[in-house]
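See structure below.
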Amino acid sequence: LEKWTRVYIRCLTILGEAKDDKMLPTALELFFNNPSYKLLLKNFGYLKRFVDQYKFGEKIVSELTQDRFAFPFHISYLYKLAAYSRDGVDELKQTALEESLNRQAHWYRRMSALFCLSTFALTNSDLEKIKSVIRNDSTPLVLRATYVVLCQCSGVNLQNMLDHVSYFNAPHQDYLRRYFFRLRKDEQFGRKILSEIKGANIQKADFIFKLHQLDLLKSNRRLRREFREVIEKKIAECTEEWDRLKTRLYKIRDSFVENP
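Right under this line is the structure:
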């Protein structure tokens with residue numbers, strides 16, 4: 052690494068731990084324009100710390116839609132930062148949807164696009180399009196990401212998706228099947244996860260990993276009272292600037308109410 056890079060990475064580490072945003076413009080510029088893997092990881096980790104304060108969605112869409120060469124791992128990290136960002140940008144959702152359905156795209160890009168999609172409140176039409184990935188793809192990590200997105204289904208559609216994981220998949224999906232089943236059916240495990248979600252800091256970027264858990268817990272009939280309490284608490288904790296996250300939580304709550 053060049054000398055400036057070593058110093059820069061060390062500075063980002065210190066500033067990130069202090070949640071100091073002095074280097075935000077520089078980190079964002081390098082994140083978009085420098086695909087050096089070590090720099091990319093460090094800039095990504097630094098920028099991720101500020102998703103509760105800054106909106107990155109529109110800038111990321113602008114980069115994703117440029118017609119120029121980019122390494123698959125670089126595009127993948129753009130989608131990953133977009134997933135953590137909390138601003139609702141419709142063009143970002145559409146771009147991620149098109150990427151996830153593009154069978155010519157690199158599997159790593161598609162997996163990350165699906166990860167980004169999982170943070171949006173998707174319509175039934177969107178979910179139907181995503182189901183086609185299961186029929187047409189055999190890449191394990193793409194399929195796994197697809198199933199996580201399809202957890203947004205409700206009622207009979209959710210049950211059909213879970214049956215598909217159970218009966219029509221390879222052994223490498225067995226862990227996912229058992230994990231999904233426990234969230235939907237196991238009272239003790241579900242109560243433990245709900246307790247973790249209830250105490251989780253919604254300002255932290257990694258809270259988005261709780262969304263698919265809530266998608267499945269909404270249909271755990273033994274925990275309806277606890278679930279309602281937790282989902283209402285998390286909606287109340289959202290700020291007005293987090294429109295994507297808030298809309299996503301509202302969709303989970305509405306689906307829960309509609310499917311007693």
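The sequence shown: position 58 = 109 (my numbering), numbered continuously.
Where a beta carbon is used, it is the ideal one built from N, C-alpha and C, also for glycine.
| Query | Result |
| --- | --- |
| For V281 and I185, what's the separation of their Cα atoms in angstroms? | 32 Å |
| So, are the CB atoms of F278 and K269 less than 8 Å apart? | yes |
| Measure the alpha-carbon distance for N84 versus K243 and round it to whole angstroms. | 43 Å |
| For the alpha helix (DSSP H) that contains H125, what are its first and last residues? | P123 to Y135 |
| Quick one: is E80 buried, meaning 16 or more other Cβ sit within 10 Å of its Cβ, or exposed? | exposed |
| Roughly how many whole angstroms lie between the Cα atoms of L115 and F171? | 17 Å |
| Can A256 and V140 be called in contact, C-beta distance under 8 Å? | no |
| What are the start and end residues of the alpha helix (DSSP H) that includes L81? | L75 to N84 |
| Do the segment 186–200 and the segment 223–230 touch if we need at least three Cβ pairs shorter than 8 Å? | yes |
| Does DSSP put Q264 in a helix, a strand or coil? | helix |
| Looking at C-alpha atoms only, which residue of R119, L98, K89 and S87 is the closest neighbour of A69? | L98 |
| In its own chain, which residues sit with a C-beta less than 8 Å from the C-beta of K110, not counting the 5 before and 5 after it? | L79 and F83 |
| At the level of alpha carbons, what is the spacing between S169 and R299? | 9 Å |
| For L75 and Y105, which I take to be in contact (beta-carbon distance under 8 Å), what is that distance rounded to the nearest angstrom? | 7 Å |
| Can you tell me the Cα-Cα spacing of R137 and D72, whole angstroms? | 17 Å |
| Please list, in chain order, all residues of the same chain as Q264 whose beta carbon is under 7 Å from its beta carbon, the five residues on each side excluded. | L234, I244 and I248 |
| For a quick check, are the C-beta atoms of R273 and I286 less than 8 Å apart? | no |
| Where does the unbroken alpha helix (DSSP H) through W158 begin, and where does it stop? | W158 to L168 |
| So what does DSSP say about C204, is it helix, strand or coil? | coil |
| Taking the alpha helix (DSSP H) that E291 falls in, what are its first and last residues? | Note, E291: premise wrong, no alpha helix (DSSP H); not H, not E. |
| With T64 as the anchor, note down where its alpha helix (DSSP H) starts and where it stops. | K54 to E68 |
| Would you decide whether S183 is buried or exposed? Buried here means 16 or more other CB atoms lie within 10 Å of its CB. | exposed |
| Output the boundary residues of the alpha helix (DSSP H) element that contains K228. | Strictly speaking, residue 228 in this sequence is Arg, with Lys absent from that position. D225 to K236 is the extent of the alpha helix (DSSP H) around R228. |
| Under 7 Å Cβ to Cβ from D177, same chain only, skipping five residues before and after it: list those, please. | L148 |
| Can Y128 and F95 be called in contact, C-beta distance under 8 Å? | yes |
| Could you give the DSSP three-state label for F258: helix, strand or coil? | helix |
| Go to D141, then tell me how far its alpha helix (DSSP H) extends in each direction, as first and last residue. | D141 to L152 |
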